[in-house]
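Letter 211 of the sequence shown, counting from 1, is numbered 300 in our numbering, and no numbers are missing.
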Amino acid sequence: MNPGEAVRGGILTVTLNAALDVTYHVPALTPGAAHRVSRVDERAGGKGVNVARLLHTLGVPVVATGLAGGACGARIRFLLAQEGVPETFVPIEAESRRTVVVAAPDSATGFWEPGPTVTPEEWDAFRTRFTDLVRDAAAVVLSGSLPLGVPADAYRVLIEAARRAGTWTVLDSSGQALRHGLRADPDLVKPNADELADLLGCAPPRPAAALEAVRGLDAPTVVASFGPDGLLAVTGEGAWRAYVPQPVAGNPTGAGDACVAALTSGLIRQRPWPERLAEAVALSAAAVRAPVAGSVDLSDYRRLRRDVIVKEL
Numbered sequence: 090m091n092p093g094e095a096v097r098g099g100i101l102t103v104t105l106n107a108a109l110d111v112t113y114h115v116p117a118l119t120p121g122a123a124h125r126v127s128r129v130d131e132r133a134g135g136k137g138v139n140v141a142r143l144l145h146t147l148g149v150p151v152v153a154t155g156l157a158g159g160a161c162g163a164r165i166r167f168l169l170a171q172e173g174v175p176e177t178f179v180p181i182e183a184e185s186r187r188t189v190v191v192a193a194p195d196s197a198t199g200f201w202e203p204g205p206t207v208t209p210e211e212w213d214a215f216r217t218r219f220t221d222l223v224r225d226a227a228a229v230v231l232s233g234s235l236p237l238g239v240p241a242d243a244y245r246v247l248i249e250a251a252r253r254a255g256t257w258t259v260l261d262s263s264g265q266a267l268r269h270g271l272r273a274d275p276d277l278v279k280p281n282a283d284e285l286a287d288l289l290g291c292a293p294p295r296p297a298a299a300l301e302a303v304r305g306l307d308a309p310t311v312v313a314s315f316g317p318d319g320l321l322a323v324t325g326e327g328a329w330r331a332y333v334p335q336p337v338a339g340n341p342t343g344a345g346d347a348c349v350a351a352l353t354s355g356l357i358r359q360r361p362w363p364e365r366l367a368e369a370v371a372l373s374a375a376a377v378r379a380p381v382a383g384s385v386d387l388s389d390y391r392r393l394r395r396d397v398i399v400k401e402l
């Protein structure tokens, strides 16, 4: 994709700390032991990249942007091109990170590298690219951690730029990046149980006990994810809980990104909230069943969609 090419009314995803994801598949994971790896998968990764890939799989117009550098950055862009996912990453000098997941049949263990250090000039170049792209997007998804050198309030700055362009914003981050981003009032924020606990200064809540806490967050719409316990949504139109009745076994890495992809697709199509949440739960569960983060079997997704329970609170 050329840097000036428009998003054409679709979704723009932002991954400032993109990664080259490597997944090792093993029959079982035993700490301290040697393992024979049955298969190695390599994908372009980072939360926003996973969201972009899933949207592309669903047939939703999407463009991925962010920062990418070095051999890993070049590999990320090459792999996205192979998959047909449009991208317009801003190049940086430092090497993009790798993430390694060791996946057993019923669990996954991840190792995340810290990522590159971004210069002030590179951050300014990205902000310029973002301002051009966001004008033509219906929604922008801002996902994941911030690399060194990028200001802690980066998501606040980008959300404010998106608002000036009349573009919906979805925020999925953690720590200070999430706290700063919330100050810009994103249209939707999606914390998980641990991120919610960090925001509220409490132990990770269960969905049944989290309704009032979620209502206390200063955001127009919050969809909190609780892993196998599903989603809790508090919106201007009401509150709902959505879940599948039976736990889904597999690799949970990337399930949150699938949730964000479905929610953002529902946002730009203005689907009713129960439908958005059912699709988000089904796509997340399908992502758990998939062997690699950022992928789903659409037949799994459609089958699981029929099983989702949505309750108004």
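Heads up, the beta-carbon is just placed ideally off N, CA and C, and yes, glycines get one too.
Fair warning: this is a prediction, and the values are worked out from it, not measured in the lab.
Between residue i and residue j, is the Cβ-Cβ spacing less than 8 Å?
{"i": "L320", "j": "R304", "result": "no"}
{"i": "N106", "j": "R186", "result": "yes"}
{"i": "P296", "j": "F315", "result": "yes"}
{"i": "V259", "j": "T353", "result": "yes"}
{"i": "L231", "j": "L247", "result": "yes"}
{"i": "P334", "j": "D389", "result": "no"}
{"i": "A266", "j": "A243", "result": "yes"}
{"i": "A153", "j": "G134", "result": "no"}
{"i": "G159", "j": "E131", "result": "no"}
{"i": "A141", "j": "V151", "result": "yes"}
{"i": "A338", "j": "L300", "result": "no"}
{"i": "A250", "j": "V223", "result": "yes"}
Residues bridged to residue i by DSSP?
{"i": "T408", "result": "Only positions 90 to 402 of the chain appear in the structure, and residue 408 is not among them; the question remains open."}
{"i": "P189", "result": "It should be noted that the sequence gives Val, not Pro, for residue 189. V111 and F200, per the DSSP bridge assignment."}
{"i": "E176", "result": "A153"}
{"i": "V239", "result": "Per DSSP, none; premise fails for V239."}
{"i": "V259", "result": "V230 and L277"}
{"i": "L311", "result": "Note that residue 311 is Val in the sequence shown here, rather than Leu. Answer is V278 and V323."}
{"i": "G383", "result": "Note: G383 sits in no beta bridge, so no partner."}
As a quick exercise: from the options, pick the residue whose alpha carbon is nearest that of residue i.
{"i": "A228", "options": "Y390, V349, A183 and R392", "result": "V349"}
{"i": "V191", "options": "V311, G148 and A123", "result": "A123"}
{"i": "T220", "options": "P236, T353, R253 and A367", "result": "R253"}
{"i": "I181", "options": "F215, V189 and H114", "result": "F215"}
{"i": "P336", "options": "A193, E210, G343 and A371", "result": "A371"}
{"i": "A308", "options": "R395, H269 and C291", "result": "H269"}
{"i": "L237", "options": "A153, A251, E211 and A313", "result": "E211"}
{"i": "P194", "options": "S127, L300, V140 and R358", "result": "S127"}
{"i": "S373", "options": "R394, T104 and L288", "result": "R394"}
{"i": "N139", "options": "V103, S388, T119 and A163", "result": "V103"}
{"i": "D239", "options": "R224, V207 and D261", "result": "Position check: residue 239 holds Val in this sequence, whereas Asp was assumed. The residue with the shortest Cα to Cα distance from V239 is V207."}
{"i": "L235", "options": "T217, R224, S262 and R360", "result": "S262"}
{"i": "P209", "options": "L101, V115, L156 and D386", "result": "L156"}
{"i": "P363", "options": "A376, D346 and E401", "result": "E401"}
Drop a sphere of 10 angstroms on the beta-carbon of residue i, count the other beta-carbons inside from all chains shown, and report buried for 16 or more, exposed for fewer.
{"i": "G98", "result": "exposed"}
{"i": "L109", "result": "buried"}
{"i": "G383", "result": "buried"}
{"i": "R391", "result": "exposed"}
{"i": "C291", "result": "exposed"}
{"i": "D283", "result": "exposed"}
{"i": "E368", "result": "buried"}
{"i": "F178", "result": "buried"}
{"i": "W201", "result": "exposed"}
{"i": "R365", "result": "buried"}
Any contact between the stretch 306-324 and the stretch 265-280? By contact I mean 3 or more CB pairs, one from each, below 8 Å.
yes
Inspect the CB distances between the stretch 168-175 and the stretch 135-155 and report whether three or more fall short of 8 Å.
yes
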